[in-house]
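Asks:
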Amino acid sequence: MAWEILQRVEEGGYADALLGRRLARSGPARSGLARSGLARSEATPRDQALTTQLVYGTLAWQGYLDHIIAAFSHRPPHALDAPVRTVLRLALFQMTKLTRIPDFAAVDTAVNLIKRFHGGAAVSLVNAVLRRAASGWQQVKFPARADDPIGYLATALSHPRWLVGQWVERYGIDDTEALLCVNNEPAPTVLRVNRRAIESTKLLSQLSDAGYAIHAAAYSPIACTIAGGKPEDVPGYADGLFSFQGEASQLVGFMLSPRAGERVLDACAAPGGKAMHLAEVMNDDGVIVALDTNARGLERLRRMAQRLRLTSVRPELADARTWQDGAGFDAVLADVPCSGLGTLRAHPEIKWRRTPGDIAELVRLQGEILSHVATFVRPGGALVYATCTLTDEENEAQVAGFLAAHPEFSNDDPRPYLPERARSLVGADGMLRTFPHRHGLDGFFAARLKRSNAHGIVRR
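With the first letter of the sequence shown counted as 1, position 425 gets the number 439 in the numbering used here; the numbers rise by one all the way through.
(1) Which whole-angstrom value describes the C-beta separation of LEU221 and ALA230, a residue pair presumed to lie in contact below a C-beta threshold of 8 Å?
(2) Would you check if there are 3 or more beta carbon pairs closer than 8 Å linking the segment 288 to 297 to the segment 448 to 465?
(3) Since PRO91 is in the alpha helix (DSSP H), which residue starts that stretch and which ends it?
(4) Could you tell me the distance, in whole angstroms, from the CA atom of PHE156 to the CA atom of ALA461?
(5) What residue range is occupied by the uninterrupted beta strand (DSSP E) comprising CYS238?
(6) Using 9 Å as the threshold, is the C-beta distance between PHE107 and ALA147 below it?
(7) Between which two residues does the beta strand (DSSP E) carrying ALA230 extend?
(8) May I ask which residues mark the beginning and end of the alpha helix (DSSP H) holding VAL143?
(9) Between GLU330 and ALA304, how many whole angstroms is the CB-CB distance? I'm expecting something under 8 Å.
(10) ASP349: buried (16+ other C-beta within 10 angstroms of its C-beta) or exposed?
(11) My output table needs one value for PHE343: the three-state DSSP class, helix, strand or coil.
(12) Using only alpha-carbon positions, find the residue among VAL398, HIS420, ASN409 that is nearest to ASP426.
(13) What residue range does the beta strand (DSSP E) around PHE423 cover?
(14) Okay, do the segment 70 to 79 and the segment 91 to 107 touch, 3+ Cβ pairs below 8 Å being the bar?
(15) Let me know the secondary structure DSSP gives PHE107 once reduced to three states.
(16) Tell me which same chain residues have a C-beta within less than 7 Å of the C-beta of ALA170, skipping the five on either side of it?
(17) Does ALA283 come out as helix, strand or coil in the three-state DSSP assignment?
(18) When DSSP labels each residue in this structure, what does ASP14 get in the three-state scheme?
(19) Report buried or exposed for ASP223, applying the criterion of at least 16 other Cβ atoms within 10 angstroms of its Cβ.
(20) ILE302 bridges to which residues according to DSSP?
(21) Please list the terminal residues of the continuous beta strand (DSSP E) segment that includes ARG392.
(22) Judging by CA-CA distance, which residue of THR58, ARG184, PHE258, VAL101 is the nearest neighbour of ALA201?
(23) So the candidates are ILE164, ALA31, MET15; which of them puts its Cα closest to the Cα of LEU68?
(24) Starting from the C-beta of LYS111, find all residues in its chain whose C-beta is less than 7 Å away, skip the five residues before and the five after it, and write them out in chain order.
(25) Among the candidates TYR226, GLY242, GLY250, whose CA atom is the shortest distance from the CA of ARG209?
(26) For LEU32, which residues from the same chain have a beta carbon less than 6 Å from its beta carbon, with the 5 sequence-adjacent residues on both sides left out?
(27) Given a cut-off of 9 Å on the beta-carbon distance, is the pair THR478 and LEU102 in contact?
(28) In chain order, which continuous runs of the beta strand (DSSP E) of length 3 or greater are located wholly inside the segment 161 to 202?
(29) Considering only DSSP beta bridges, list what LEU463 is partnered with.
(30) Just to confirm, are ILE228 and LEU255 a CB contact at a threshold of 9 Å?
(31) Exposed or buried, GLN412, counting other C-beta atoms within 10 Å across all chains shown (16 or more means buried)?
(32) Quick check on the DSSP output: the beta strand (DSSP E) that includes ARG447 runs from which residue to which?
(33) Over what stretch of residues does the beta strand (DSSP E) that includes PHE256 continue unbroken?
(34) Can you name the residues that DSSP bridges to LEU439?
(35) Compare the C-alpha of ARG184 against each of GLY444, ASP443, THR405 and name the closest.
(36) Under a three-way DSSP split, which group does GLY27 fall into?
What follows is the structure in structure tokens.
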């Protein structure tokens, strides 16, 4: 299953979605690999946990693993066929980063997979590379930290060099190294308690009694970290007692803090976590217009609203850059598309896909969305701009450019709206920043902006 998923990721898929669908499948798998006998139709919880570890770990350490492959292969990793490249990475991840799988088992499994589904010269190549690596990977040389610190960090801690260079320039060597290390660890599973249905302490007690390892989170009073089993199988999920949403993401909803009866716009809403949180904050009293261009994402949003029994959320398939409406909004959330570089624990494939050119294009898109949705904010209303990334261009510079072009808006201190224990995450400039290595949270940025009462009337 891990090999199948890793090949799909190579083709452009996303690991979390592929894993979710594959592990949830109860009948025979439909892929060609599965029909041939690779993927079993059923997997025990232990099998599922190992599959997840293999997929995320192999993706997180991909650059490191490719460096080792290059030391033992006559062809560089990028020149190998995808099935060969992914099975080599998969086996080497087990050999170099796991402790309970013997090297011979990792080699034997990889060779058998290639033998059954690829054959020919690929079998000899995989066998030769892995047997040489099994006895020599610990002697592979990496760039010298003293002579090439960025090259060393990029290779040894498995991140693209351009990104490491940017972070070293911004955060320094030591802080960057700590960030890279944490990025290679699994992301925690976090749930958001639906206080309309149950109190946090009661849910904690119920799930703990049911045998789950669950703990209150550090910054959000309605966040809990949980381990064990598939999230959707946790008791109470189907009844709408909670949703799954990262803790940093929850803080964005608190920053907007709309009141009951207000009209709210969530400009980039799918798959719906923040829109649902806003509806819960408002006690489902008011209107939340949830825009997105992703029809499948909006369908997930609708199902989520039904499960949580929320009626105030109104999804609309539309582009936030051009959408029109005849009324203003008391509060607007612009949780814009971004490079996602603050979420590498949960989405490790992102770091191998992003380029500096992507960021430039995203900055343009974000600016267009922000400028357009700002026109819908009523005088005295609030606009929260948020991303899940760590680049200055998408965060501080984006907000600074917006404020310079829109004097009717000013930075508004978000601390009065945040939970007390999260207020320390707001900097002297009044903006929220979270980091995986400093706070144990995804890397998020958010700014709360307020529209003046003195600059005329907008759409109503």
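Glycine residues also receive a C-beta, built at the ideal position from the N, C-alpha and C atoms.
Replies: In this structure, then:
(1) Between ALA230 and LEU221 the Cβ distance is about 12 Å, and since that is not below 8 Å, they are no contact.
(2) no
(3) Neither: PRO91 is in no alpha helix (DSSP H) and is coded neither H nor E.
(4) 40 Å
(5) 237 to 241
(6) no
(7) 227 to 230
(8) 135 to 150
(9) 7 Å
(10) buried
(11) strand
(12) VAL398
(13) 423 to 425
(14) yes
(15) helix
(16) TYR78, PHE156
(17) coil
(18) What the structure shows of the chain is the stretch from 15 to 474, and residue 14 is not part of that stretch, so it cannot be assessed.
(19) exposed
(20) VAL278, VAL327
(21) 391 to 401
(22) PHE258
(23) MET15
(24) GLY71, TRP75
(25) GLY250
(26) ILE19, ARG22
(27) The chain is shown from 15 up to 474; residue 478 falls before or after that span and cannot be answered.
(28) none
(29) LEU397, ASN425
(30) no
(31) buried
(32) 446 to 448
(33) 256 to 258
(34) According to DSSP, which records beta bridges pairwise, LEU439 is partnered with nothing at all.
(35) THR405
(36) coil
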